[in-house]
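**Student:**
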DNA sequence: TTGGGTCACTTGCAAAATGATAGTGACTGT
DNA sequence: ACAGTCACTATCATTTTGCAAGTGACCCAA
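Residue numbers (our numbering), protein chains in the order written: chain A, 1 to 145; chain B, 1001 to 1145.
(1) Of the choices B/1032, B/1020, B/1117, whose alpha-carbon is the least far from that of residue 1081 of chain B?
(2) Note down, one range per segment and in chain order, each alpha helix (DSSP H) of at least 4 residues found wholly within the stretch 1006-1038 of chain B.
(3) With DSSP as the reference, please indicate the residues paired to residue 94 of chain A in a beta bridge.
(4) Any beta carbon from chain B within less than 8 Å of residue 79 of chain A's own beta carbon?
(5) By how many angstroms is the C-alpha of residue 1067 of chain B removed from the C-alpha of residue 1086 of chain B?
(6) For chain B, check one thing: does any of its Cβ atoms lie closer than 8 Å to the Cβ of residue 110 of chain A?
(7) Quick one: which residues of the stretch 1007-1021 of chain B get their C-beta closer than 9 Å to a C-beta of chain A? List them in chain order.
(8) Report back the beta-carbon spacing between residue 1029 of chain B and residue 1090 of chain B to the nearest angstrom; my notes put them in contact at under 8 Å.
(9) Excluding the 5 residues flanking residue 1010 of chain B on each side, which residues of the same chain have their C-beta closer than 7 Å to its C-beta?
(10) Within 8 Å, do at least three Cβ pairs link the stretch 47-63 of chain A to the stretch 1048-1068 of chain B?
(11) Span of the alpha helix (DSSP H) holding residue 1050 of chain B?
(12) In this structure, does DSSP put residue 145 of chain A in helix, strand or coil?
(13) Just the Cα atoms here: how many angstroms apart are residue 58 of chain A and residue 18 of chain A?
(14) Taking all protein chains shown into account, do 16 or more other C-beta atoms lie within 10 angstroms of the C-beta of residue 13 of chain A, making it buried, or fewer, making it exposed?
(15) Look at the alpha carbon of residue 134 of chain A and the alpha carbon of residue 1101 of chain B, and state the distance between them as a whole number of angstroms.
(16) So that I know if they touch, is there some Cβ in chain A lying closer than 8 Å to that of residue 1028 of chain B?
(17) For residue 85 of chain A, which three-state DSSP category applies?
(18) Assuming residue 1072 of chain B is part of the beta strand (DSSP E), what are its boundary residues?
(19) Please check if any C-beta of chain B sits within less than 8 Å of the C-beta of residue 62 of chain A.
(20) DSSP on residue 1119 of chain B, reduced to helix/strand/coil?
(21) Do residue 95 of chain A and residue 126 of chain A count as a contact pair if the criterion is CB distance below 8 Å?
(22) I'd like to know if residue 1039 of chain B contacts chain A, where contact means its C-beta is closer than 8 Å to some C-beta of that chain.
(23) Count the other CB atoms within 10 Å of the CB of residue 129 of chain A; is the residue buried (16 or more) or exposed (fewer)?
(24) List the residues of chain B that residue 91 of chain A touches, going by C-beta distances under 9 Å, in chain order.
(25) Quick check on this structure: which residue in B/1136, B/1141, B/1117 has the alpha carbon closest to the alpha carbon of residue 132 of chain A?
(26) Name the chain A residues whose beta carbon is nearer than 8 Å to that of residue 1115 of chain B?
(27) Please report how far the alpha carbon of residue 1037 of chain B lies from the alpha carbon of residue 1043 of chain B, in whole angstroms.
(28) Determine whether the Cβ of residue 1071 of chain B lies closer than 8 Å to any Cβ atom of chain A.
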């Protein structure tokens, strides 16, 4: 057989996708960030079936990206809030958004502005060590033993 | 109803996910980048069912992320190569990988090294305007009319 | 030249996930 | 007492995924 046949166990991308690798999960995170933290808000915003939304919310909570918080006992009202892990995922959504705008951007799209400068945010993935955008320098992979 | 109920049509994240919003598609892109460009290589590397792989490859080709290239007529041999759009998606996979390493990183994981410095790449999403990591500055959303 | 072996798939069918629709229970406000 | 909201669950049809087996083009060795 080849050099390495199946390294899914050692691939950090796979590890990430195990937790959020579907469309609804990401859109839920996006909406929570937009301030749509309640079940009904998410349901109407996304146009998702209620059973599916329930399952996605449970899965995201189990995966540690969101936490359910009862903010009113009577009437019983819950909100879903991002955890640290969930908040850390948001930049990835911005990067996906930038890609979507570039390659599937017909029509007018919403966007993020820097609150101070007022300029449209342009998300790019860089290597924190060099500051260079990923793809601008040659890379090499290293596999564990 | 609320401020804006359903902006999926104007959301660039959704636009992006329309094209690659599933696990297998992303893993296929990752593997192609690793040099596994042929059907059999992808199938054994991913452990994916052949019919599913076929469908994913067609979908990715239709979405413009990869292109099928017959590099040998006899015997008939094909390879799948990244297009510009596909290559532009790779940094997102690196960002997902960094997240996966941080929050689901048990055991030894593979990683990318800068070919020149030899240091492990640390992918971060920044705003190209300010250079500041996304999340470190307050943002505001702007919706189209 | 027959007989395996590889590559790149397709076909058929079972299992799982998704989605539409209806309904439930706790409440609130009139 | 009665309509209305919120946060769901239950049921069932549809869709997608996954497994196993098979197919066609070709190559190489006996």
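The beta carbon of each residue, even a glycine, is placed where N, CA and C say it ideally should be. Quick caveat: nothing in here was measured; it's all calculated off a predicted structure.
**Tutor:** Answer, in terms of the structure:
(1) Taking the first residue of the second chain as 1, we reach residue 1081 of chain B at position 81. The option with the nearest alpha carbon to residue 1081 of chain B is B/1032.
(2) 1012-1020, 1023-1033
(3) Locating residue 94 of chain A in the first chain gives position 94, counting from the first residue. Beta-bridge pairing links residue 94 of chain A to no other residue.
(4) In the first chain, counting from the first residue as 1, residue 79 of chain A sits at position 79. Interface residue (Cβ-Cβ distance to chain B less than 8 Å): residue 79 of chain A is not classified as such.
(5) The sequence position of residue 1086 of chain B within the second chain is 86, counting from 1. The sequence position of residue 1067 of chain B within the second chain is 67, counting from 1. Between residue 1086 of chain B and residue 1067 of chain B, the alpha-carbon positions lie close to 9 Å from each other.
(6) One-based indexing of the first chain puts residue 110 of chain A at position 110. Answer yes: the Cβ-Cβ gap between residue 110 of chain A and chain B drops below 8 Å somewhere.
(7) For the stretch 1007-1021 of chain B, which is checked against every Cβ of chain A, the residues closer than 9 Å are 1007, 1008, 1009, 1010, 1011, 1012, 1013, 1014, 1015, 1016, 1017, 1018, 1019, 1020, 1021.
(8) Taking the second chain and counting its residues from 1, one reaches residue 1029 of chain B at position 29. Taking the second chain and counting its residues from 1, one reaches residue 1090 of chain B at position 90. The pair is a contact, with the Cβ atoms about 7 Å apart (cut-off 8 Å).
(9) As a working note, residue 1010 of chain B is residue 10 in the second chain. 1143, 1144, listed in sequence order.
(10) Cβ pair count under 8 Å is below three, so no.
(11) The residue labelled residue 1050 of chain B in the question sits at position 50 within the second chain. 1050-1062 is the span of the alpha helix (DSSP H), which, as asked, contains residue 1050 of chain B.
(12) For this step, residue 145 of chain A is matched to residue 145 along the first chain. Correct three-state label for residue 145 of chain A: coil.
(13) Within the first chain, residue 58 of chain A is the residue found at index 58, counting from 1. Within the first chain, residue 18 of chain A is the residue found at index 18, counting from 1. Distance between the alpha carbons of residue 58 of chain A and residue 18 of chain A is about 15 Å.
(14) What you label residue 13 of chain A is simply residue 13 of the first chain in a count that begins at 1. Residue 13 of chain A is buried by the Cβ-count criterion.
(15) Indexing the first chain from 1 puts residue 134 of chain A at position 134. Indexing the second chain from 1 puts residue 1101 of chain B at position 101. Residue 134 of chain A and residue 1101 of chain B have their C-alpha atoms spaced approximately 17 Å apart.
(16) Walking along the second chain from the start, residue 1028 of chain B turns up at place 28. Not an interface residue.
(17) Reading the first chain from its first residue, position 85 is the one you call residue 85 of chain A. Residue state, collapsed to three classes: helix.
(18) Here residue 1072 of chain B refers to the residue found at position 72 of the second chain. Where residue 1072 of chain B is concerned, the enclosing beta strand (DSSP E) stretches over 1066-1072.
(19) For this step, residue 62 of chain A is matched to residue 62 along the first chain. Chain B contact via Cβ: absent.
(20) Along the second chain, read from residue 1 onward, the residue named residue 1119 of chain B stands at position 119. In the structure shown, residue 1119 of chain B sits in coil (DSSP, three-state: anything other than H, G, I, E or B).
(21) For the purposes of this step, residue 126 of chain A is taken as the residue at position 126 of the first chain. For the purposes of this step, residue 95 of chain A is taken as the residue at position 95 of the first chain. The answer is no: Cβ separation not under 8 Å.
(22) For this step, residue 1039 of chain B is matched to residue 39 along the second chain. Closer than 8 Å: no.
(23) In the first chain, residue 129 of chain A corresponds to position 129, counting from 1. It counts as exposed.
(24) Sequence index remark: in the first chain, residue 91 of chain A carries index 91 (1-based). Chain B residues near residue 91 of chain A: 1095, 1099, 1124, 1125, 1126, 1133, 1134, 1135.
(25) Locating residue 132 of chain A in the first chain gives position 132, where the first residue counts as 1. For the residues B/1136, B/1141, B/1117, the minimum Cα distance to residue 132 of chain A belongs to B/1117.
(26) Taking the first residue of the second chain as position 1, residue 1115 of chain B is located at position 115. The contacting residues are 137, 138, 139, 140.
(27) Mapped onto the second chain, residue 1037 of chain B falls at position 37. Mapped onto the second chain, residue 1043 of chain B falls at position 43. Cα to Cα, residue 1037 of chain B sits roughly 10 Å from residue 1043 of chain B.
(28) Position 71 of the second chain, counted from the start, is the residue given in the question as residue 1071 of chain B. So, not an interface residue.
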